[in-house]
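Data block below; observations after.
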Amino acid sequence: MKKQILLPVSELREIREKFKVGRNDLRRALNYERNSDRARMLRAAALERGGLIYTGERHPDGYMPKGVVTEYNHGKGIMRQRFGQRVMLEVSRHTNMAKIIIDGKVLASFDDMTLDSWGDVLYSLQKIYNQIVER
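Under numbering that gives the first Met the number 0, the first residue of the sequence shown is numbered 0, with each subsequent residue one higher.
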């Protein structure tokens, strides 16, 4: 995953309606694919509504997440990794589908989790958790 602003679907809908912007234009703005005045304004609106910046950065060599708790549901083939009570990564070991869940809401999902991308996702989630704790 690349750098983007994560928001619940309800907040995305509100921004689209308030600013009369299409789904694709909002997606491009929140994924930093555009840098126009309007795109910057949409990103600011998303951050004001509690949006969190997913950095999409490559994890440094030797990175180990701090404070992460890992839970397994072997019957369902699910692994959950939590940062505190609010930030969670859920990965299906059967399908490699992953979900980023913040405050109980799925903010992003992708179906191509690899061992290589897993460390990058955890690194970005650590940064999101740090953003939340600092608020």
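C-beta: ideal position from N, C-alpha, C; glycine also.
Check                                                                                         : Outcome
Start-to-end residues for the beta strand (DSSP E) that takes in Leu106                       : 104-109
C-alpha distance - Lys17 paired with Val120, whole-angstrom precision                         : 31 angstroms
Ile14 versus Arg81, Arg79, Thr94, Leu29, residue with shortest Cα-Cα distance                 : Leu29
Whole-angstrom C-beta distance between Asp110 and Asn95, which should lie under 8 angstroms   : 7 angstroms
Per-residue DSSP class, three states only, for Leu46                                          : helix
Span of the alpha helix (DSSP H), counted from its first residue to its last, around Val8     : 8-18
Cβ distance (whole Å) where Leu124 is taken to contact Ile99 below 8 angstroms                : 7 angstroms
Distance CB(Val86)-CB(Tyr122) smaller than 8 angstroms                                        : no
Element boundaries [beta strand (DSSP E), containing Asn72]                                   : 67-72
Local Cβ density within 10 Å of Gln3, reported as buried at 16 or more and exposed below that : buried
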